[in-house]
Structure formats: C-alpha cells, structure tokens
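Engineer:
Residue numbers (this note's numbering), protein chains in the order written: chain G, 418 to 685; chain E, 32 to 537.
1. Given 6 Å as the limit, tell me if residue 72(E) has its C-beta closer than that to any heavy atom belonging to the ligand GDP.
2. According to DSSP, what are the bridge partners of residue 220(E)?
3. Determine the burial state of residue 57(E): buried for a count of at least 16 other Cβ atoms within 10 Å of its Cβ, exposed for fewer.
4. Pull up the distance between the alpha-carbon of residue 360(E) and that of residue 302(E), whole angstroms please.
5. Mark residue 50(E) as exposed unless 16 or more other C-beta atoms lie within 10 angstroms of its C-beta, in which case mark it buried.
6. Inspect the beta-carbon positions of residue 638(G) and residue 449(G) and report whether they are closer than 7 Å.
7. Do you know offhand how far residue 222(E)'s Cα is from residue 94(E)'s?
8. Compute the beta-carbon to beta-carbon distance between residue 517(E) and residue 531(E), rounded to the nearest angstrom, for a pair I have assumed lies under 8 Å.
9. Select from the region 617 to 642 of chain G all residues with a C-beta closer than 7 Å to any C-beta belonging to chain E, and list them in chain order.
10. Is DSSP giving residue 309(E) helix, strand or coil here?
11. To the nearest whole angstrom, what separates the beta carbons of residue 446(E) and residue 454(E), a pair I think is in contact under 8 Å?
12. Taking all protein chains shown into account, decide if residue 684(G) is buried (16 or more other Cβ within 10 angstroms of its Cβ) or exposed.
13. Taking the continuous alpha helix (DSSP H) assigned at residue 663(G), which residues delimit it?
14. With DSSP collapsed to three states, give me the class of residue 270(E).
15. Select from 606(G), 660(G) and 665(G) the residue whose C-alpha is nearest the C-alpha of residue 681(G).
16. Less than 7 Å between CB atoms is the rule here; does residue 432(G) satisfy it with respect to chain E?
17. Is the Cβ of residue 478(E) closer than 7 Å to any Cβ of chain G?
18. If you draw a straight line from the C-alpha of residue 568(G) to the C-alpha of residue 561(G), how long is it?
19. Spell out the partners DSSP gives residue 107(E) in its beta bridges.
20. For chain E, find out if any of its Cβ atoms is closer than 7 Å to the Cβ of residue 481(G); answer yes or no.
21. For residue 56(E), which three-state DSSP category applies?
22. Assign residue 52(E) to one of two classes, buried (16 or more other C-beta atoms within 10 Å of its C-beta) or exposed (fewer than that).
23. What residue range is occupied by the uninterrupted alpha helix (DSSP H) comprising residue 498(G)?
24. Which same chain residues, not among the five before or five after residue 317(E), have their C-beta less than 6 Å away from its C-beta?
25. Which residues in the same chain have their Cβ closer than 7 Å to the Cβ of residue 59(E), if we skip the five residues on either side of it in sequence?
26. Given that residue 397(E) touches chain G, what residues does it touch there, using C-beta distances under 8 Å?
27. Mind checking which residues open and close the alpha helix (DSSP H) that includes residue 426(G)?
28. Which residues of the region 318 to 333 of chain E have a Cβ closer than 7 Å to any Cβ of chain G? Give them in chain order.
29. Relative to chain E, which residues along the region 495 to 517 of chain G have a C-beta separation below 8 Å, given in chain order?
30. Sorted by chain position, which residues of the same chain lie with C-beta nearer than 8 Å to residue 295(E)'s C-beta, five sequence neighbours on each side aside?
31. Can residue 291(E) and residue 507(E) be called in contact, C-beta distance under 7 Å?
32. Beta-carbon of residue 400(E) versus every beta-carbon of chain C: anything under 7 Å?
33. For a cutoff of 7 Å on Cβ pairs, would you count residue 58(E) as touching chain G?
34. Contact criterion: CB-CB distance below 7 Å. Does residue 465(G) meet it with respect to chain E?
35. Buried or exposed: residue 375(E), going by 16 or more other Cβ atoms within 10 Å of its Cβ?
36. Using beta carbons (cut-off 7 Å, strictly below), is residue 280(E) in contact with chain G?
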C-alpha cells in the first residue's frame, strides 16, 4: 500500500480497536478479581473503588467478567469469520472463476442456505452439535458461509476477464495460481471490509444465541450472556445492563468505523 | 380469506356454546374484575379429565370440582359430595351427594353425572386414566338419587386424595364435547376463550358454597416471562403468581407481595447408575460440599426452605425438618469420602439444566463454584426443555441435573414413588432394596399412621444414601395489586380466584 494521508475516521477507528485489544490483553494477563468467584455480600453491589463497575447477581466483579467476556465474544466472532470466510472463499472463487455447472449447483445450494433465517439455521446446527462455545462458533461459521461466498463470487466474476488475468492466462498460469495468487490480492479490500462487518454480525449473533441460553454456557462470561443476565435486573440495577450494553455498542461501533475507514481508504 | 373465515368459525364454535350456559355474566363493575397473568394457554384440553399441564390445572381449578376438593391447608373438604363412608376393607366408598349443586348450564348434578365422570376417569369409556390410581375404580353404582357407591379393585387409603384432583372433576353426562365446552360446578364458569390471548371466567351466581367476590377474572397469557414485570408495572396485569425474588424487587409500591413456596423439591438430581455417582460415598461427598444456605442467599436473597429429602414442608404430615440438617457443609469430610471412594483429586461432572428455567440455572452456577472446593470440576450443559424431557428425564442419559419435582396429588406417594427401583419415572436410577421393600409395603397399608411412618422411613433412606443433593423448596411470590386481597397459598399448584376480593375504597 502506498503511503497516503489517512482520514480522521481511520484514526478514531484504529484507536477504538486499540482500546479493545488493550482490554482483551488486560483480561488475558490478569483480571482484578476471579470472574467466577461468588460473594453473597456483594450481590448486585453498586460501583465502588474496589469494584469499579459493581457486581452482578452472584456478587461477581462485573469489570472482570467484562474483560473475560469481551475475549470470549471476540474469539467466537473471529472463529466464526475465519470459518465463514475460508469456506466462502473456496466456494466463491470456484463458482466465480469457472462459472458454468459448478456455479449453478453451488449457488443454488447457497441460495437455499441463505433463505433460512440465520438464527433458525444456527438453532438447527446447534441442535445437532449441542450448545457451547465451540459449537456456536462452528454453527455461526456455517451460517456465515453463503454471504461470503456471494461477495467473493461476484468479485471473481468481475476479475476473471480483466486484462491482467487474461495476460497471466496467456503466459500459461494454472487456474489455482490465477485465482489465489493473482485475483485474491486484488479483492482484499472487499474481503477485509466484509470480514469486519461479519465480525459485527457475529458479535450480535453470539449475543442473540447466548440470550436464548444456547450459546456460551454459564458460568463462563460473554457479553451476550451477561446482557441476558442483566436484563432480569433492568429496574433494580439498570447500571448492570447499561454497562454491558455500552461495551457491546463500543465493540460494534469500533469495527463498523474501521470497516468504513478501510473502504474509504481504498477509494481514496 | 378462507382461512380467516375458518378461524372465525372456530372461535365462534369455541365460545358460543359457553356463552349459552347459565352464567350470571352481568356488566361487572370495574373494581370486581381482575386480570391475572399466566405463562401459557390451556393447550392440552378444557376437559378436566385430560388436563396434563400444571398451568392448565391451576386455571381449571376455578371451574371444576370433584366429589372432594383440597383446601389451602392441604385437607380434603367435601365439594360435590357432602360426606362419604369407607367400608372396613377399604374396598368400597359410598358418597352422599350435596343437595343443590348445579352445573354451570343450570342443571342439577345427579348421581348419573357422577357415575359418568368416574367411569370416564377410570378409563372405562375409552380415555386413558390420567393417573394410574384411577384405574383402581372397578365399578360405580347409583344407589339412589343422592348416593353413589364406588368399589375398588384394590384398597388404597389415598383414594380420596386422588378424587380431589381437578382430573377427577364431576362433569355433566350430557355434555358431548367436554374438550371445547367446559361445564363444571366450580365458583367460576369459563365464558370465553381467545386462543393464545386470554381466558375469561365469570362468577357462577348459583354456586353451592361461598360465592366468589370478583364477578370476572381474566387470565391473560404472557408467554414471555421477561415482560411480566413490565406488564405489572404498566397496569395491564393485576396479579401474577409465580414470581422470583429478582422480579419482585422490581415492582413498585402498587403491589402487595405474598411469599409462599413453590412446593417443588429442587435438587441436584444424580444419575445413580453412572460412575462415579454409583458410589454412595461420592454422592455423600457432593452433599457435604454443597452449601445450601449460600445457594439461597445468592439466588433468592435467602428466601426458600432448605430440604434434605424428597419431601417439601407443605406436606406437614410427612415432612421431616431434621433431614434438612443431615448434611452441612464440611469440606474435609467431603474430601475424605472422595479419597475413600478412590477419587482423591475429584472428578469431572456434567450438570444438565433446562435452559428455560433461570432459577435452576442460577442454582447450578452456584453449585459449580462450590464443588470446585472438593476438586470436582463441574460443567453446566444447557438444553432445551424438550431435549431435557426426552434425553434426561425419559432417556436417563445424563450425569446430574438441577430441576424441581412436584407432587400431583396430596399424598407422600406422589413424591416418593419415583425412587422405587422399578418405577417408570425413576429417572435417577436410584435402587435400594430396603427402599423397595418399604414401598411395596406402604402401598398395601390402610392405616394412615403406619403409612406416614413408612413414608418417613423412605425419606430417611433417600437422605442417608444421598440419592440426590437435595437443596430447597423454592420461594415463590405472588404480586397482587393493592386494591385486592385474600390470596391463599395451596400445597398444590392451583390459583384459587374465588377467595380474592376487591378492597373497599374508603
């Protein structure tokens, strides 16, 4: 990438993401308290010097749980998108580059999967795999494949008859080489922005599944699970839900800004 | 369009015949109406003999009555029957019907109606009996217009208790469609029903007993438990019966909060057939490792009653409070027991919990923390309710589970039968020869005191053998808007609306 002036948005986005990474690292190194230890005397405690964000319904430190929870949520989002993007890339590249019968068959199958509401499809897969952190990562990953496949397919279709591809082809390069060494680097911006958007969708999807009680299993922490816990205390202790909600919004906003900035950056 | 017409026709078919019955559904003044939230619609059937769900029975309790009915202290009081006599061998019951009991359609209750109803519940007319005990009814004879004699195939001292269930309600013999047209003798008649929305009950003016105070009760279906608090605060509900401490804490000053117990045996139920839980020392170690008081404090602000066996305090006759103190938290002892059993470093345990019961999930989370202290590494596995029913309860494919078990009728057998090694519903696979012998003995006894002693001995075995890690009978709260009063708790799962009255405004 050439050296060019980046916009303000990019800087804001990067610093937000840096904050999130810092939080995750903090949670990895040490949390203020053990996120699973319960204490009756601190049940739903308000924020204090000892417990910056207060305590939850079991007297567990909310800050510690958020630090661990962000990590869980991010790992799930990352895993989901890696699975989705990898399989989606293979499907999209093959169908977009070759077209023809493979395209027809795979894309109709793709459409069929896409026509299920994503939550429903995840539910079906979870019903087969069982619930848990790894299971929802795999389930959501599968659900994310079709949208990646679609985006990548259209990019490959656009590129397959461009001059530079024609030239490489004339030089005798094989299909695989063209697809992954020549075309892939040229669609990285699209891929990157959709990865970042996919990240946000995965965060929301995890929240929804954990909310339904089939995602991350208690007593582990994830933002979605904490939000569903907090909801029962919406009137008694609104701070709990608001805090968790704030971190979720912050997470999503940062990645949304980043994806915007990346796109603008590419067009600039 | 066709579908809409069909739907309207269905609704009409459902409500019209009900509207024709002799209910005094006059224009009720605002203060004598109440809106009560319930969690689910009466999906099984309006026929009391086919009602399965506890949520259905608690509503139908207001509409139907049996020959006897339970009162709020757990006694059996006469209802459609005025009195009864038992033959010396316990094989024949003679019921004398009360004078002046009428059905909601205005007809007098006759001995023939009673005979019809009893034969119907006994499965003699094609239905399967709701509880096996009804199959004991061998013959029903009408002696005269006010007297009915029931002969049993086998003596059972608990027989009157079975007759007090909603499932044994007396319904008119000439009602050919009890599934959709509910006609009973209770203090309220069911005047209309909008599927998935509400059920409207109207006071029955010719009720034989004390008439209800409220002229109208509307049961509104609120399937989403999380919106209950908002509905109560917003004023669209006046009452809700099964609330948790957390929900109660969010209600304002508009409500009186009544505390009762759920009449459930909440426990960490253990599959006694899987390793290492088949070792009694391991099960005892788990009992010593769990701090019940701490669970109550963390999950319900200390509300609820700690129990030590498969019996809850509302069954005062059978309940043994001393068993709740049999195991107190003792980590060294628990570790010692694990060492003896060959697990000095603990083991790992999966706790399966249905995902729709937050109180059980909360209890399980605390247990996971507590078991860490003896090296037992527990994992929670949340499953859907239906999966829980089929795999865990019916399939017995689990290690441990947190759930509440209730009693469907007013005798100790309702709770203790399931630990008989050959019982169909023995989902814990508990097996103990002494227990089996006691169970086989108790069902043949006719003397009430001997029976009670027997049940108590069974409870003790469950505790000493650590069949399960018994925790509590959970506290439950009823929120009632301040302008009503008179709610009464029952040892069974019922909502008695006839006792509730509006507070007179000064």
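Note that beta-carbon positions come from the ideal geometry of N, C-alpha and C, so glycine has one too.
Structural biologist: Put simply:
1. As presented, the structure is devoid of all ligands, the ligand GDP included, so that no description of it is given.
2. As a first step, residue 220(E) must be located in the second chain, where it is residue number 189. Bridge partners of residue 220(E): 233(E).
3. Taking the first residue of the second chain as position 1, residue 57(E) is located at position 26. Because the pLDDT at residue 57(E) is just 47, under 50, the model does not fix this residue reliably, and the value given afterwards should be weighed accordingly. In the assembly as shown, residue 57(E) is an exposed residue. Its beta-carbon has fewer than 16 other beta-carbons within 10 Å.
4. Along the second chain, one-based indexing puts residue 360(E) at 329. Along the second chain, one-based indexing puts residue 302(E) at 271. Rounded to whole angstroms, residue 360(E) to residue 302(E) spans 22 Å at the Cα level.
5. Numbered from its first residue, the second chain carries residue 50(E) at position 19. Residue confidence is low: residue 50(E) scores 45 on pLDDT, short of 50, so the model does not pin down where it sits. Its coordinate-derived value is still stated next. It counts as exposed.
6. Within the first chain, residue 638(G) is the residue found at index 221, counting from 1. Within the first chain, residue 449(G) is the residue found at index 32, counting from 1. No, these two residues do not count as a Cβ contact at 7 Å.
7. If you number the second chain from 1, residue 222(E) lands on position 191. If you number the second chain from 1, residue 94(E) lands on position 63. Taking the straight line joining both Cα atoms gives about 10 Å.
8. Here residue 517(E) refers to the residue found at position 486 when the second chain is read from its first residue. Here residue 531(E) refers to the residue found at position 500 when the second chain is read from its first residue. Yes, residue 517(E) and residue 531(E) are in contact; Cβ-Cβ is about 5 Å, under 8 Å.
9. Shown in chain order are the members of the region 617 to 642 of chain G whose Cβ falls below 7 Å from a Cβ of chain E: 630, 631, 634, 635 and 636.
10. The count along the second chain starts at 1 and reaches residue 309(E) at position 278. Three-state result, residue 309(E): coil.
11. Here the question's residue 446(E) lines up with position 415 in the second chain. Here the question's residue 454(E) lines up with position 423 in the second chain. Approximately 12 Å separates the beta-carbon atoms of residue 446(E) and residue 454(E); this is outside 8 Å, ruling out the contact.
12. Locating residue 684(G) in the first chain gives position 267, counting from the first residue. Its Cβ having fewer than 16 others within 10 Å, residue 684(G) is exposed.
13. On the first chain, position 246 is the one that residue 663(G) refers to. From DSSP, the alpha helix (DSSP H) with residue 663(G) extends over 655 to 684.
14. Within the second chain, numbered from 1, the residue matching residue 270(E) stands at position 239. Strand.
15. Stepping through the first chain from its first residue, residue 681(G) is reached at position 264. Ranking the options by Cα distance to residue 681(G), first place goes to 606(G).
16. If you number the first chain from 1, residue 432(G) lands on position 15. Taking Cβ atoms only, chain E never reaches closer than 7 Å to residue 432(G), which makes this a no.
17. The count along the second chain starts at 1 and reaches residue 478(E) at position 447. Not one chain G Cβ lies under 7 Å of residue 478(E).
18. Indexing the first chain from 1 puts residue 568(G) at position 151. Indexing the first chain from 1 puts residue 561(G) at position 144. Those two C-alpha atoms are separated by around 12 Å.
19. Here the question's residue 107(E) lines up with position 76 in the second chain. Note: residue 107(E) sits in a beta bridge opposite 101(E).
20. Counting from one through the first chain, the residue named residue 481(G) turns up at place 64. False, the Cβ-Cβ gap to chain E never drops below 7 Å.
21. Numbered from its first residue, the second chain carries residue 56(E) at position 25. Confidence at residue 56(E) is low in this model, with a pLDDT of 45, below 50, so the placement of that residue should be treated as unreliable; the coordinate-derived value is given next. Three-state result, residue 56(E): coil.
22. Mapped onto the second chain, residue 52(E) falls at position 21. Unreliable positioning characterises residue 52(E) in this predicted model, as indicated by a pLDDT of 49, which lies under 50. The coordinate reading is nonetheless provided below. Buried.
23. Residue mapping note: residue 498(G) aligns to position 81 of the first chain, counting from 1. Start and end: 479 to 515.
24. What you label residue 317(E) is simply residue 286 of the second chain in a count that begins at 1. Shown here for residue 317(E): same chain residues with a beta carbon closer than 6 Å to its own, the five before and five after excluded, namely 500 in chain order.
25. Here residue 59(E) refers to the residue found at position 28 of the second chain. Unreliable positioning characterises residue 59(E) in this predicted model, as indicated by a pLDDT of 45, which lies under 50. The coordinate reading is nonetheless provided below. Excluding positions up to five away in sequence, the list reads 246 and 247.
26. Here the question's residue 397(E) lines up with position 366 in the second chain. Residues of chain G passing the Cβ test: 455 and 475.
27. Against the first chain, residue 426(G) aligns to sequence position 9. Taken as a continuous stretch (DSSP letters only), the alpha helix (DSSP H) holding residue 426(G) covers 425 to 446.
28. 325, 328 and 329
29. none
30. Counted from its first residue, the second chain places residue 295(E) at position 264. Only residues of its own chain outside the window of five on either side were considered, and among them 343, 435, 436, 437, 504 and 505 have a CB closer than 8 Å to the CB of residue 295(E), listed in chain order.
31. What you label residue 291(E) is simply residue 260 of the second chain in a count that begins at 1. What you label residue 507(E) is simply residue 476 of the second chain in a count that begins at 1. For residue 291(E) and residue 507(E), yes; Cβs fall inside 7 Å.
32. Annotation note: the requested chain C is absent from the structure, which comprises protein chains G and E.
33. Reading the second chain from its first residue, position 27 is the one you call residue 58(E). Reliability fails at residue 58(E), whose pLDDT of 45 lies under 50, so the model's placement of it is uncertain and the value that follows must be treated cautiously. No, residue 58(E) lies away from the interface with chain G (no Cβ there is under 7 Å from its Cβ).
34. Start at 1 with the first residue of the first chain, and residue 465(G) comes out as number 48. Cβ-Cβ to chain E under 7 Å: no for residue 465(G).
35. Within the second chain, the letter at position 344 stands for residue 375(E). By the neighbour-count rule (16 or more Cβ atoms within 10 Å), residue 375(E) is not buried but exposed.
36. Within the second chain, the letter at position 249 stands for residue 280(E). Closer than 7 Å to some Cβ of chain G, the Cβ of residue 280(E) qualifies, so yes.
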